[in-house]
Amino acid sequence: MTFQTTARAPETARRNGLLHSGSRIVPEEVPIAFSYGGSSHAVMMATPDDLEDFAVGFSLTEGIITERTEIAAIEIVEGEQGIDVQVSLVDDVADRLRARRRSMAGPVGCGLCGIESIEQAVRPVPDVSASPLTLSHADIVRAVSLLNEAQPLHRETRAVHGAGFYLPARGLLAVREDVGRHNALDKLCGAVIDAGENGRNGAVAVTSRLSVEMVQKAAILGSPVLIAISAPTALAIRTAEEAGMTLVALVRGEDFEIFTHPHRISPGSIADVA
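What follows is the structure, given as structure tokens:
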């Protein structure tokens, strides 16, 4: 079976005071299991698309790998109820993961996958302050504008999140979508790594709020700027400050708010946006 990313659902809509029967395209969400060395590691509800990118990005942001070459193979196995993404690691990395599993007190779950303690949930993030990246005000506006234009699944359903990687000289290198904001960012991380791009050279833009996990994932990718259309949490701000990351949020048209490390954002001219 091949899992689809959307389905058509019957609906009764109220328009101009009247009820109309019709249908609407809605996104599918499917259980996606990640297995390493034949052992299940985590299961997420996700959009069944860009799963190899998802596997690479999830493996990176969960600390299972540090670079793409540590994954030997990825196999996508569809079942009746969901999809098993089977990841084969190179020998030394597989050994490291087995040792990590033996030290865990119990099975892992979704959300903050593979952690064993509260301390790991708010673990230190990589320092991205050494990146030379700077953006103009026009870059901020352009990144979000391009991201909004590059989400076909969201245009069709109005119900998924998007994440994009923006390079000032090239625009958006990649965009990934998913019903889960963390999943969309993991998929983007995988796409950036597979493209051979260094995360420190670009900014991550997302359509969701900025929780601490989004800051952690962007920092692990190496990106020094995280842009969002919604607001950050207090912990996300503190974590970004510690990591040397610039948080730009609440982007609305030509307006936005910078919460941390504003030195990377130069005034420029909004009129430069094309």
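The opening position of the sequence shown corresponds to residue 4 in the numbering used here, with each subsequent residue numbered one higher.
Cβ atoms here follow ideal geometry from the backbone N, Cα and C, with glycine treated the same way.
Span of the alpha helix (DSSP H) around residue i
i: serine 148; result: 140–152
i: leucine 224; result: 215–224
i: isoleucine 196; result: 184–197
Close-in-space but distant-in-sequence residues of the same chain around residue i (CB under 8 angstroms, 5 per side omitted)
i: asparagine 204; result: Ser134, Leu136 and Leu170
i: proline 127; result: Glu245
i: arginine 104; result: Ser42
i: threonine 72; result: Val93
Neighbourhood of residue i by C-beta distance below 7 angstroms, restricted to the same chain and skipping five residues each side
i: isoleucine 240; result: Leu250, Phe262 and Thr263
i: glycine 202; result: Val195, Leu224, Gly225 and Ser226
Three-way DSSP call (helix, strand, coil) for residue i in this model
i: serine 1; result: Any question about residue 1 goes unanswered here, given that the chain covers just 4 to 277.
i: alanine 97; result: helix
i: glycine 112; result: Low local confidence applies: a pLDDT of 36 at glycine 112 is under 50, so the model's placement there is unreliable, with the coordinate-based value given in what follows. Glycine 112: coil per DSSP, three-state reduction.
Boundaries (first-last residue) of the beta strand (DSSP E) holding residue i
i: aspartate 87; result: 86–92
i: leucine 238; result: That residue, leucine 238, is in no beta strand (DSSP E); its alpha helix (DSSP H) goes 237–246.
i: phenylalanine 168; result: 164–170
i: proline 34; result: 33–39
i: proline 30; result: 21–30
i: aspartate 56; result: Unbroken run through aspartate 56 is the alpha helix (DSSP H), 54–64; no beta strand (DSSP E).
i: glutamine 9; result: Note that residue 9 is threonine in the sequence shown here, rather than glutamine. Its beta strand (DSSP E) spans residues 9–18.
i: alanine 76; result: 74–81
i: histidine 44; result: 42–49
i: threonine 160; result: Note, threonine 160: premise wrong, no beta strand (DSSP E); alpha helix (DSSP H) at 155–160.
Cβ shell of residue i (< 6 angstroms), same chain only, five flanking positions each side left out
i: histidine 23; result: Ala16
i: isoleucine 3; result: Look at the range of the chain in this structure, 4 to 277, and you will see that residue 3 is not part of it.
i: alanine 221; result: Val207 and Leu229
Residue environment, residue i, which counts as buried when at least 16 other CB atoms sit within 10 Å
i: glutamate 83; result: exposed
i: alanine 45; result: buried
i: leucine 21; result: exposed
i: serine 226; result: buried
i: proline 2; result: Any answer about residue 2 is impossible in this case: the structure gives the chain only from 4 up to 277.
i: glutamine 7; result: exposed
i: proline 235; result: buried
i: histidine 266; result: exposed
For residue i, the nearest candidate out of the options (CA to CA)
i: glutamate 159; options: Arg184, Ile230, Ser26 and Gly85; result: Ser26
i: arginine 173; options: Ala166, Asp52 and Leu149; result: Leu149
i: glycine 1; options: Arg212, Ile35, Asp52 and Gly60; result: One cannot answer for residue 1 here, as it falls past the ends of the chain, which runs 4 to 277.
i: leucine 138; options: Glu70, Arg18, Met248 and Arg255; result: Met248
i: aspartate 142; options: Val88, Phe168 and His164; result: Phe168
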